[in-house]
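So the structure is just underneath, and the comments pick up after that.
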Amino acid sequence: MSESTKASSAADQDRVDVLVVGAGVTGIYQLYRAREAGFSAKLVEAGTGVGGTWYWNRYPAARFDSESYTYGYLFSKKLWEEWEWSERFAGQPEIERYFNYVVDRFDLRRDIVFGAKVTATVYDEPSGTWTVRTSDGAERRARFVVAATGILSVPFIPDIPGRGDFRGEQHHTGLWPKTPVDFSGKRVALIGTGSSGVQIVPAIADEVASLTVYQKVADWLTPLNNAPIAPEEQAELKANFESIRETLNTSPSGFLHQITMRSGLDDSPEQRQEFYEKRWNGPGFTKLSEHYMDMTTNPTVNAEWCEFLAGKIRSIVKDPETAEKLIPKGHGYGGRRPPFGTGYYETYNKPNVFLVDLNETPIARITETGVETADGTQGIDIIIWATGYDFGTGALNRLGVRGRGGLALEEYWEDGPRTYLGVAAAGFPNFFFPGGPHGALGNNPRYSGDQVDFVVDALVHTRERGHDVIEVTAAAEDEWTDKMNSSGDLSSFLKSSYFYGANIPGKPVRQLLNPTGRWALQEMIAAIRQDEYATFVFSKATKEA
1 MSESTKASSA
11 ADQDRVDVLV
21 VGAGVTGIYQ
31 LYRAREAGFS
41 AKLVEAGTGV
51 GGTWYWNRYP
61 AARFDSESYT
71 YGYLFSKKLW
81 EEWEWSERFA
91 GQPEIERYFN
101 YVVDRFDLRR
111 DIVFGAKVTA
121 TVYDEPSGTW
131 TVRTSDGAER
141 RARFVVAATG
151 ILSVPFIPDI
161 PGRGDFRGEQ
171 HHTGLWPKTP
181 VDFSGKRVAL
191 IGTGSSGVQI
201 VPAIADEVAS
211 LTVYQKVADW
221 LTPLNNAPIA
231 PEEQAELKAN
241 FESIRETLNT
251 SPSGFLHQIT
261 MRSGLDDSPE
271 QRQEFYEKRW
281 NGPGFTKLSE
291 HYMDMTTNPT
301 VNAEWCEFLA
311 GKIRSIVKDP
321 ETAEKLIPKG
331 HGYGGRRPPF
341 GTGYYETYNK
351 PNVFLVDLNE
361 TPIARITETG
371 VETADGTQGI
381 DIIIWATGYD
391 FGTGALNRLG
401 VRGRGGLALE
411 EYWEDGPRTY
421 LGVAAAGFPN
431 FFFPGGPHGA
441 LGNNPRYSGD
451 QVDFVVDALV
461 HTRERGHDVI
471 EVTAAAEDEW
481 TDKMNSSGDL
491 SSFLKSSYFY
501 GANIPGKPVR
511 QLLNPTGRWA
521 LQEMIAAIRQ
531 DEYATFVFSK
541 ATKEA
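Okay, here's the thing in structure tokens:
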């Protein structure tokens, strides 16, 4: 074989119809669907394994707070029957095993390139293709790029003075090392009490010499109430695959839970207290999605539910001052994403666990050996940053995306995301981002799966029409974006939450979710298919790729 033939062969190997970015729950499904539809496809992944969130987040006690079987894939009955989740809410090691099982079961691994972080994604107008450069030095050409980079994939660490001076260990929950961290006898500071922070606290409390938790905002945490999945339940799940899939595919939240179709005020005070007790003892998100239909909209019902929860906190936490710090102030249940824990409140009864309210005692700086506040310097060996993520747009804005005329995505979104259905943006032909901003609310794999299906159908439609390029119209994008930004009152989430980007200094506070919900998204998708994608423009490339 001549050198020129070898070069041509190598170039062909790096040229595909569809290039997927990210091997998380959405990217894996996107690769599967693209191949199933007859496209040549590759997936590039920054890490060395699959799982996305569940590859990077391997901190102690990391686990689902959505039921395991509602998070997994629904495209294969055989997969559903073969894989048995051990717990209602599986832990990270089991979740990572699941994704590895899926990519091997469906022979997807051969089309995944690991250790390839995207550094540039550049559109060529004449050929209608994208060139994607990655950290492994490779350059790949694709007709279509699908960025399945997730909404919680860029860790955020606040810019606290002296952070670089600290001589001990520092770890963010979203970039946890594969090698287990040795906490034995160590003085640990945990900064942040969101969903990951509340999982870590009870998991390491008995191992450490001391654990100081720095809390900025208290949240309405309730028990996860995890449990093993008994053999009889496993059999029932397998026997009811079709009905479960139908429910999950049509549920507004992507869960099996059913909202209680009555007002809290329809019940007597005694009945409400009994109802609240059942919710407290129920699993995970049932506290939100099986509650009274007006729990988040009726101030009286919401306040009473919150008072019930405050009573639970006071009854569990022995120190009254600590208990009051753990009770949220200034927002009701549903104002922020509710976390779920196992033994979280009980952990504060241990003599080596301390809570610092950052509103009363802010961190002044990190020193070489600890954390300094107005109360003095606390000697620390390990700092855990459970401080969240650059939600929604963070990962997409870091792909170096350049569309028509060199338009930079991060500049186009400088004042907040502009999207159509949360999957496409005008000026960026053949570029899609299912699972990104403006997607939906609820169980992520369910609504991102809706978007993946839509993207594949749109690509098939493009191919069947004999075209090379598909691009959403600016008018359609404007209408959808305006709808997202004007629909905030449909959601209970506060504008001070990370769902609006408020946790990132300098980031515009904009709607990053789809408050209209999954049903509205599904209705739009159905209408677009019916209208043969009239909100998109199709064209032929003017030169060969």
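Here the UniProt record's numbering is used: the first residue of the sequence shown is 1, the next is one more, and so on. For every residue, glycine included, the Cβ atom is placed at its ideal position computed from N, Cα and C.
In this structure, W130 places its C-beta atom within 7 Å of the C-beta atom of V145. A Cβ-Cβ contact shorter than 7 Å links F428 with G403. By the Cβ neighbour-count rule, R529 is exposed, with fewer than 16 other Cβ atoms within 10 Å of its own. R163 and I383 have their C-alpha atoms roughly 10 Å apart. Bounds of the beta strand (DSSP E) holding E139 are 139–147.
DSSP places L237 inside the alpha helix (DSSP H), whose first and last residues are 231–239.
The C-alpha of N430 is placed about 42 Å away from the C-alpha of M295. Secondary structure of H467 (DSSP, three-state): coil.
Within the same chain, no residue comes within 6 Å of G38 by CB-CB distance, once the 5 residues on both sides are set aside. Relative to D381, the option among Y389, V371, F433 whose CA is nearest is V371. Annotation: F493 to L74 spans about 29 Å, alpha carbon to alpha carbon.
Under the Cβ criterion (8 Å, minimum of three pairs), the region 195–205 counts as touching the region 340–348. Rounded to the nearest angstrom, the Cβ distance from G51 to T149 is 14 Å, too far for a contact under 8 Å. The region 465–480 makes contact with the region 534–541; the number of CB pairs closer than 8 Å reaches 3 or more. In this structure, the CA atom of E479 is about 15 Å from the CA atom of L512. Per DSSP, the unbroken beta strand (DSSP E) holding T131 starts and ends at 129–134. Under the three-pair Cβ rule at 8 Å, the region 440–455 counts as touching the region 55–72. The three-state secondary structure of I383, taken from DSSP, is strand.
Residue burial annotation: V452 is buried, with at least 16 other C-beta atoms found within 10 angstroms of its C-beta. Residues T369, I380, D381, I382, I383 of the same chain have their beta carbon placed closer than 8 Å to that of G168, with the five preceding and five following residues left out of the count. A Cβ-Cβ separation of about 6 Å places L31 in contact with A41 under the 8 Å criterion. Remark: C-beta atoms of T387 and F183 do not approach each other more closely than 7 Å. Remark: C-beta atoms of A395 and P328 do not approach each other more closely than 7 Å.
Three or more beta-carbon pairs drawn from the region 84–99 and the region 221–229 are found closer than 8 Å, and the two stretches are therefore classed as touching. The alpha carbon of Y292 has as its nearest neighbour, out of K325, Y333, E324, the alpha carbon of Y333.
According to DSSP, S210 shares a beta bridge with R187.
Contact holds between the region 91–110 and the region 52–64, because three or more Cβ pairs, one in each stretch, are under 8 Å apart. Secondary-structure assignment with DSSP links L355 through a beta bridge to V213. Around the beta-carbon of W519, fewer than 16 other beta-carbon atoms lie within 10 Å, marking it exposed. In this structure, the alpha-carbon of P320 lies about 52 Å from that of V20. For G370, the enclosing beta strand (DSSP E) begins and ends at 370–373. Under a 10 Å Cβ-count criterion, M261 is classified as exposed, with fewer than 16 other Cβ atoms of the shown protein chains found around its own Cβ. Our two residues, W413 and T419, have alpha carbons roughly 9 Å apart in a direct line.
Assigned with DSSP and collapsed to three states, L43 falls in strand. Taking a 10 Å sphere around the C-beta of A303, we find fewer than 16 other C-beta atoms and assign the residue as exposed. With contacts defined by Cβ atoms closer than 7 Å, G400 and T212 do not form a contacting pair.
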